[in-house]
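Accompanying notes for the structure given below.
Number of protein chains: 4
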Amino acid sequence: MLALIYKSAWDVALEERPVPEITRDNQVLVRIHATGVCGTDLGIVSGRYHASSSIILGHESAGVVVKTGSAVDTLMPGDRVVIDPTYYCGQCEMCRTGRQNHCLHKAVTETGVSADGTFTDYYITEDRFLYKLADHVSYEEATLTEPLSCILTGINQIKLLPNFRTIVLGAGPIGMLYSYALASKGVTGSIVDISKDRLNMASSITPERWQTHESFESAIESMAPGSHQVDLIVDTTGAVGTQVLSNLAHGGYLMLVGLRDGINSFNPKEIVDRSLKIIGSIDSLGTFSTAHYMIEKNIIPAKKIITHTYPLDQYIEAFSALGCDLNEKTLNPSSNAIKVILQSS
Amino acid sequence: MLALIYKSAWDVALEERPVPEITRDNQVLVRIHATGVCGTDLGIVSGRYHASSSIILGHESAGVVVKTGSAVDTLMPGDRVVIDPTYYCGQCEMCRTGRQNHCLHKAVTETGVSADGTFTDYYITEDRFLYKLADHVSYEEATLTEPLSCILTGINQIKLLPNFRTIVLGAGPIGMLYSYALASKGVTGSIVDISKDRLNMASSITPERWQTHESFESAIESMAPGSHQVDLIVDTTGAVGTQVLSNLAHGGYLMLVGLRDGINSFNPKEIVDRSLKIIGSIDSLGTFSTAHYMIEKNIIPAKKIITHTYPLDQYIEAFSALGCDLNEKTLNPSSNAIKVILQSS
Amino acid sequence: MLALIYKSAWDVALEERPVPEITRDNQVLVRIHATGVCGTDLGIVSGRYHASSSIILGHESAGVVVKTGSAVDTLMPGDRVVIDPTYYCGQCEMCRTGRQNHCLHKAVTETGVSADGTFTDYYITEDRFLYKLADHVSYEEATLTEPLSCILTGINQIKLLPNFRTIVLGAGPIGMLYSYALASKGVTGSIVDISKDRLNMASSITPERWQTHESFESAIESMAPGSHQVDLIVDTTGAVGTQVLSNLAHGGYLMLVGLRDGINSFNPKEIVDRSLKIIGSIDSLGTFSTAHYMIEKNIIPAKKIITHTYPLDQYIEAFSALGCDLNEKTLNPSSNAIKVILQSS
Amino acid sequence: MLALIYKSAWDVALEERPVPEITRDNQVLVRIHATGVCGTDLGIVSGRYHASSSIILGHESAGVVVKTGSAVDTLMPGDRVVIDPTYYCGQCEMCRTGRQNHCLHKAVTETGVSADGTFTDYYITEDRFLYKLADHVSYEEATLTEPLSCILTGINQIKLLPNFRTIVLGAGPIGMLYSYALASKGVTGSIVDISKDRLNMASSITPERWQTHESFESAIESMAPGSHQVDLIVDTTGAVGTQVLSNLAHGGYLMLVGLRDGINSFNPKEIVDRSLKIIGSIDSLGTFSTAHYMIEKNIIPAKKIITHTYPLDQYIEAFSALGCDLNEKTLNPSSNAIKVILQSS
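Chains as they are written, first to last, in full-length UniProt numbering: chain A, 1 to 345; chain B, 1 to 345; chain C, 1 to 345; chain D, 1 to 345.
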């Protein structure tokens, strides 16, 4: 099968790989149909985020069961499924203190980062990581389950009130899903993006009562005209961080979810004196089932958030649509796409 | 009455002030008996923390009711009480979104910071801020209620498991109370202090199963010999902060409670990639009643934590015991005292 | 002023009462404009729920400030306000352990039950119980704030997941508000009412994705065709209760919010063996501000839920619209109204 | 191997069974050393609680790994382990909505109830259900991990405050562990038992600040002399239930954990009007690791709670010590034992 292989920064290529084989009796072989291109993929490709060399990229995926291990009794060939790519052993110190998203084996088990992923035709996982799809949910829509789950995990870190004034930085898929996930909990806010093209696209698919803004300043002025302070800022870009701390109301939350090197600084006295909270969150933890439900019930408008779809062999165009030019080796934060999906052959 | 007045950095003095008078029908006049010296007092006196000029300092206090407004029906003269000094209006945006510790009026109502405090003989407050003392609780012990309440508020920000490996930086009163409050929730850990004298004193009053260490390195080696990572670090000193981020396990918490200017920095990618949380917490929020209960039931060994008691007119000696030399205008983090109490005349 | 007075079961009448006067400096005199008729009012009038004799009924209300006590600085005459009628002292054992809705003084302070209410022209309360209305919110819409707040308090007792299959029994105002409050947290479900008229009315105003059913059996068949078990049943009628326990999934919740005498029984082994929870909830607790926000933002379609409005002197017609015939002394659970409002003169 | 087999009510016997064999690659064969006798075992034997015919009883157990499946890489022969007997598939609707203790496969997978248990020499489970024991923890002490875990799961259903006045009904192992688990969260209370012998034994091992009482009346008078109302009542006997509802303060919790048929009744109006909560809880859910930690750290005095130990072939004496006379076919709630352990040969 052809697979999109990561070799080193800016060096990725479609290469032939053998179809993986079931080696444990709870494993399942899935024929991949669709995999979303995630910001993490761009980070890996551009050298910003570490991945193991020669692994197959891709982790937001759905497909169909083709073969099952001898102990699998809940799934059978032909079952359409979405994949939870966050493997956890369930037995290490992290897993047993409620942090399965940081399983101590992650360094060799993280799908599409430290273990083979799904930008290819076949993928092996265990039965417990598969969720059946309702007939009306397409493989493409289903790929949004994983990023949505990560977002629900992030939101679970916050003692949220519907009346929290909220700003989400970045109108990419994570920003859009954050706004929908927050809206599904009664919260209203603004989405900010510096790319006019992307913002235009986002404007037509924001949740009810949500606004879009071209700048943080404009958003803060609109959300909190007097105080210029809001209760929750979600930075999906990785580029803003503590720069906006002064725009947090006392007791407010800065949620960091963008994987990007940098230096953020703050005065600890301000953090203490104003009861501020800085929360990092990665991967999903106990929320995949709820994300699966929300996609199935169309609480998240998955179809609209997916703006581009390409066959796997056009991965260069797909990455390019997200501002990642594999030929020029440049990563431009601005783009006119929201979610881009790669379809396996 | 004589009152300890803050004028400006390093300029405090006992001055004559009129006994305050009840002006609202829900107010109560309290004859102050004892007030704890708080790190915030040292911060104000030394110019590190802003306070309004000419206010009376002091906010961790207990006394006896001497007069009540016409609408007060739950208290009468002679009632021994501990005072919740965290005034809140209950009507502003902060109060009505669960952040009474950040009431929008705080800038003119914070006892001993922006409003007259209790290093004196009399204090006016509203009935709702007073809690009756059981006969067996001394005024001195009762003064620990307020700092304990702040700590319970801090701990409420954390999804705590008993199995969280924990290090508390600083064996002052806040450090000791943090260790006891955490122990009361089943948590075991280590207390670190660079002052040998204070550490010796602390060693004899740590909670069951808790350790003391002279350095963070020694504590981390003892708590987590392999990984050198723990789940919760509470920095009560204000001097360490994000320096210890690499010693937090994935999903761990850095709790900041020391009011001290500085610059803390971090790489946002690490915060995200390891699901770290940085939590600032100040003042108390809905926990005063529980703190009151814990002092009353002797769950916190208040008597042992109070190592020094002085009459108000020996405030120079009292501050000196905590490393704050009012004559030399120096603040030394090291000290041989844990909690110091000033008794009104 | 004319006031609707409760004397004893089935004995209510409009009588002249003096305009109340401010006696404490934090009090506010409010000119009442609108008050919702609550199920509790029907319960009192019909003798099902105890109230103090000769009090003025009514507690879901909004009006305009006409006079303020000397210590009131957040409100002024002319301010349009909604009233939180759940008085609490803040100083008793209940208030200080997070149960202000069960303040020990409730037996003489409960608006419209044990203290004078708002089915009249003027009402005295304290400043802290008043919330300013945005210009676009009518007094009538604002009256839904209190019942909505009670419902948010109820929901806070549940560890809710969006994927909880839910049935709400009763399409009255409480049932409709429960469905909207649950929907605002991502939950989908069914509303059941035995009154076809009311169900028809409800059908046109259910939240997105919610259904209506004429019978519990029909709802359960639709929600859970295989198992006939759902995760949450809210009984707003007071007439069903534990009869539906067998239709709760393991770990499910039976929320009871209807005030009606009866005998419910269960086998304790079933409760234990299936981890079932039976939750009673009354009045509001820390949620008024969020309810106020949700009404203001139109997250709850208050206008549609209010199906009937009468001037106060047509209270007989108003009660009648809800199935409560004051002449015949009969209370019929069926009705063609959802929310009925009485407007003061 | 000899195994204690349940055939039907009052018909149990030691019978020869083959040593089970590993059939899945994540399975582990454990040589059982010690298994606690649980109230559920008494319930099964006496016909009060349903179990599958011909299964091996016993589920609170510890032993040593003797063989591992090919995919097991965290355990090896010789590892001393405690067993989490609550199997869950992780893939059904219950497991995926946070209710693994009610896995839909429970009817054929519940250790010692619907699947073979551990009152024998060997037991097969999966690696994820085994927790390594520290050297200083005996197999007997380790058997308390499972009941403690169930109790931690129960307590997680409650919004607990340290100041909750608490009464635990029954001084058996569950009652004693409840008192310790509550004490580890700062709560103080009383334990009630009608058996003087057992109460005497319990008196010497109650947590600090806890009391024992011979009757509920005596306990309530001591805990709440004025109101006769407490905040939390835990009924471990299954025989009291809603009889004590009137002794719950408003907003209080009745926790039911005793598996016993009966009829409990209540007036739904009281549940609503007083915000009462009735909570059933069975088995453990996400708390095994914390229980394991608490046993290891000796936060629970496991050695003292275990009052009797017998070899497996003296199971008749062991059951008898708990009031269950297998010859006379009588179950007497009174007993002079707290925890009884059966040691495999």
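Ideal Cβ placement from N, Cα and C applies to all residues, glycine included.
The DSSP assignment places 39-45 and 106-109 as complete runs of the alpha helix (DSSP H) inside the UniProt domain "Alcohol dehydrogenase-like N-terminal" (25-134) of chain A, in order along the chain (cut-off: 4 residues). Here asparagine 200 of chain C carries a helix assignment [DSSP, helix/strand/coil].
Here lysine 106 of chain C is buried. Its C-beta has 16 or more other C-beta atoms within 10 Å.
Annotated as proximal: arginine 165 of chain B and methionine 223 of chain B, with beta-carbon spacing under 7 Å. If you ignore the 5 residues before and after tyrosine 88 of chain C, its C-beta comes within less than 7 Å of the C-beta of Cys95, Gln100 and Cys103, all in its own chain and listed in chain order.
Judged by DSSP secondary structure, alanine 183 of chain A falls within the alpha helix (DSSP H) whose first and last residues are 173-183. Closer than 8 Å at the C-beta level to chain A, one finds no residue of the segment 180-214 of chain D.
Of the residues A/Gly39, A/Asn26 and A/Trp10, the one whose Cα lies closest to the Cα of glycine 238 of chain A is A/Gly39. For glutamine 27 of chain A, the closest Cβ of chain D is not nearer than 7 Å. Chain-ordered, the chain A residues with CB closer than 7 Å to the CB of phenylalanine 266 of chain B read Asn264. Only residues of its own chain outside the window of five on either side were considered, and among them His59, Pro85 and Gly117 have a CB closer than 6 Å to the CB of threonine 111 of chain D, listed in chain order. Exclusion of the five residues before and after serine 8 of chain A leaves Ser53 as the residues of its chain whose Cβ lies within less than 7 Å of its Cβ.
Leaving aside the five residues that flank glutamate 317 of chain D on each side, the residues in its chain whose CB is nearer than 6 Å to its CB run, in chain order, Tyr310. Contact between threonine 287 of chain A and leucine 169 of chain A fails: their C-beta atoms lie close to 22 Å from each other, not under 8 Å. Near chain D, meaning a CB-to-CB distance below 9 Å, the residues of the segment 262-296 of chain C are Gly262, Ile263, Asn264, Ser265, Phe266, Asn267, Pro268, Lys269, Glu270, Ile271, Val272, Asp273, Arg274, Ser275, Leu276, Lys277, Ile278, Ile279, Gly280, Ser281, Ile282, Asp283 and Leu285. Contact check between the segment 178-197 of chain B and the segment 210-225 of chain B: three or more CB pairs, one atom from each, fall below 8 Å, which counts as touching. In chain order, Thr290 make up the part of chain B whose C-beta sits under 7 Å from the C-beta of leucine 161 of chain D. Taking a contact to require three or more Cβ pairs closer than 8 Å, the segment 113-128 of chain D and the segment 289-300 of chain D do not qualify as touching. Per DSSP, the continuous alpha helix (DSSP H) segment holding isoleucine 220 of chain D begins and ends at 216-223. Proximity of chain B to arginine 48 of chain C at the Cβ level (cut-off 8 Å) is not reached, the minimal Cβ distance being about 32 Å. Taking 7 Å as the cut-off, the beta carbon of leucine 29 of chain D is found no closer than this to the beta carbon of valine 64 of chain D. Shortest Cα-Cα distance from glycine 251 of chain B to any of A/Tyr178, A/Gly154 and A/Pro162 involves A/Gly154.
Within chain D, the residues placing a beta-carbon under 9 Å from that of threonine 97 of chain C are Leu161, Asn163, Phe164, Asp231, Ala249 and Gly251, ordered along the chain. Within the same chain, Val65 and Thr68 come within 8 Å of methionine 76 of chain C by CB-CB distance, once the 5 residues on both sides are set aside. Here the C-alpha atom of phenylalanine 266 of chain B lies approximately 20 Å from the C-alpha atom of isoleucine 220 of chain B. Among the residues facing chain D, arginine 80 of chain A is not included, as its CB has no counterpart in that chain under 7 Å away.
Annotation: the continuous alpha helix (DSSP H) that includes leucine 152 of chain B extends over 145-155. Secondary structure within the segment 205-276 of chain C: the beta strand (DSSP E) runs of 3 or more consecutive residues, fully enclosed, are 211-213, 230-235, 248-256 and 264-266 (chain order). The C-beta of histidine 136 of chain D has fewer than 16 other C-beta atoms within 10 Å across all chains shown, which makes the residue exposed.
Only residues of its own chain outside the window of five on either side were considered, and among them Ile151, Val168, Val234 and Thr236 have a CB closer than 7 Å to the CB of tyrosine 178 of chain B, listed in chain order. Counting only Cβ-Cβ distances below 7 Å, glycine 90 of chain D has contacts in chain A at Arg128, in chain order.
With a threshold of 7 Å between beta carbons, alanine 62 of chain C makes no contact with chain B.
With contacts defined by Cβ atoms closer than 7 Å, isoleucine 5 of chain A and aspartate 121 of chain A do not form a contacting pair. Close CB contacts of methionine 294 of chain B within its chain, under the 6 Å cut and outside five residues either way in sequence, are with Ile300 (chain order). Under the three-state reduction of DSSP output, lysine 159 of chain C falls in the coil class, being neither helix nor strand. At least 7 Å separates the beta-carbon of leucine 161 of chain A from that of threonine 145 of chain C.
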